[in-house]
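Report on the following structure.
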Amino acid sequence: MRIPCPYCGERDAHEFVYRGDAAPQRPDGAEANEAAFADYVYPRANVAGAMHEHWYHAQGCRTWIVVERDTRSHAIAGATLAREAKR
Amino acid sequence: MVGALPAAGGGLAVSERGDLGIATIMARASSTAALAQRVAERFGIALIDGPILSGAGAVRFAGTGPGSWLSFCEGADPFWACSMAVQLDGVASVFDQSSGYAVLRLGGAEAMPMLQSGAFIDLHADAFPVGAVAVTVIAHVGAILIRVGEAQFDVAVFRSFAGSFWHWLATSAAARGVPLHRFSEDG
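Residue numbers (the numbering used here), protein chains in the order written: chain V, -19 to 67; chain U, 329 to 515.
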């Protein structure tokens, strides 16, 4: 699988570290209760189709990117730097 | 002298660039534009935030990630990285890597095919022209590739991995039947 790093260009998947779903948002530590943190840390949707994922380009530009990948076909629709991805 | 590297015929010429000062330059948060301005003022270099080599003189900046560069200085004194930190004070963090990286210069007709056999990126001149930079892996060793000429590449690896990289280089060259010419800095 080739991943289109926004900085480096297309690279082999073995240069990256997979983190998972990019959707969960970290709750405000001062405000949130345990249940909100448990919800943020543990439950994950088992998406069949397009999803946004965090990948870390460990053997390249050493930045986090958000990749839109179809989990059924591995087709990748695009990637952006996580720091620039829309929240 | 690296510049006087003899033509390697059909082989591969390898020399270590031992005279380099090396430092990582990382722009402070939201300071990439300010850093580019400072670099333009102090070094007369148009700093590009991308996988490209900026500068053509003794000091050069190789883009290694968003807002980060590996900078090189030929014939640097031991305090060069400190002076860079002073020059870029407030807009970037500077870390001395002069003893952290080993830089090999690969030249000759076999330099590109050899590196292509190890790196999973397209090194054809159309995709990786002179001045292009890539942070990638060769034989599981992190390597920074810079195309410094049509058939000349600089390869920076962490110094403690230099022996492993050399093993890959020598073994692969032998497997491909490529004569490997090794030069020292003083010829």
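Yeah, the Cβ is synthetic: ideal placement off N, Cα and C, and Gly gets one too.
Cβ shell of residue i (< 6 Å), same chain only, five flanking positions each side left out
| i | result |
| --- | --- |
| residue 355(U) | 363, 395, 420 |
| residue 463(U) | 392, 472 |
| residue 360(U) | 377, 395 |
| residue 489(U) | 469 |
Bounding residues of the beta strand (DSSP E) (the contiguous stretch that carries residue i)
| i | result |
| --- | --- |
| residue -19(V) | Unbroken run through residue -19(V): none, as it is neither H nor E. |
| residue 343(U) | 340 to 344 |
| residue 506(U) | It is not in any beta strand (DSSP E) - residue 506(U) carries neither H nor E in the DSSP assignment. |
| residue 400(U) | 396 to 402 |
| residue 425(U) | No beta strand (DSSP E) holds residue 425(U); DSSP gives it neither H nor E. |
| residue 357(U) | Run containing residue 357(U): none; DSSP gives neither H nor E here. |
| residue 451(U) | From DSSP, residue 451(U) is part of no beta strand (DSSP E); its letter is neither H nor E. |
| residue 407(U) | Here residue 407(U) belongs to no beta strand (DSSP E), and DSSP marks it neither H nor E. |
8 Å Cβ shell around residue i - same chain, five flanking residues per side excluded
| i | result |
| --- | --- |
| residue 496(U) | 446, 466, 467, 469 |
Residue i - containing alpha helix (DSSP H), residue span
| i | result |
| --- | --- |
| residue 19(V) | 14 to 21 |
| residue 493(U) | 490 to 503 |
| residue 524(U) | This structure cannot speak to residue 524(U), because chain U is shown only from 329 to 515. |
Where residue i falls: helix, strand or coil (DSSP)
| i | result |
| --- | --- |
| residue 460(U) | strand |
| residue 387(U) | strand |
| residue 413(U) | helix |
| residue 34(V) | strand |
| residue 437(U) | coil |
| residue 49(V) | strand |
| residue 443(U) | helix |
| residue -5(V) | helix |
| residue 351(U) | strand |
| residue 64(V) | helix |
| residue 475(U) | strand |
7 Å CB neighbourhood of residue i in its chain, flanking five on each side removed
| i | result |
| --- | --- |
| residue 474(U) | 381, 390, 461, 481, 482 |
| residue 374(U) | 368, 382 |
| residue 486(U) | 428, 429, 470 |
| residue 459(U) | 380, 381, 475 |
| residue 7(V) | 16, 17, 20 |
Burial state of residue i (16 or more Cβ within 10 Å)
| i | result |
| --- | --- |
| residue 438(U) | buried |
| residue 499(U) | exposed |
| residue 399(U) | buried |
| residue 503(U) | exposed |
| residue 371(U) | buried |
| residue 20(V) | exposed |
| residue 435(U) | buried |
| residue 365(U) | exposed |
| residue 385(U) | exposed |
| residue 452(U) | exposed |
| residue 64(V) | exposed |
* Asked: Just checking, does the stretch 404 to 414 of chain U make contact with the stretch 424 to 438 of chain U on the three C-beta pairs under 8 Å criterion?
  -> Yes: the two stretches touch, three or more of their Cβ pairs being nearer than 8 Å.
* To do: Kindly confirm or deny that the stretch 29 to 36 of chain V and the stretch 45 to 53 of chain V touch, where touching means at least three C-beta pairs closer than 8 Å.
  => Segments in contact, yes.
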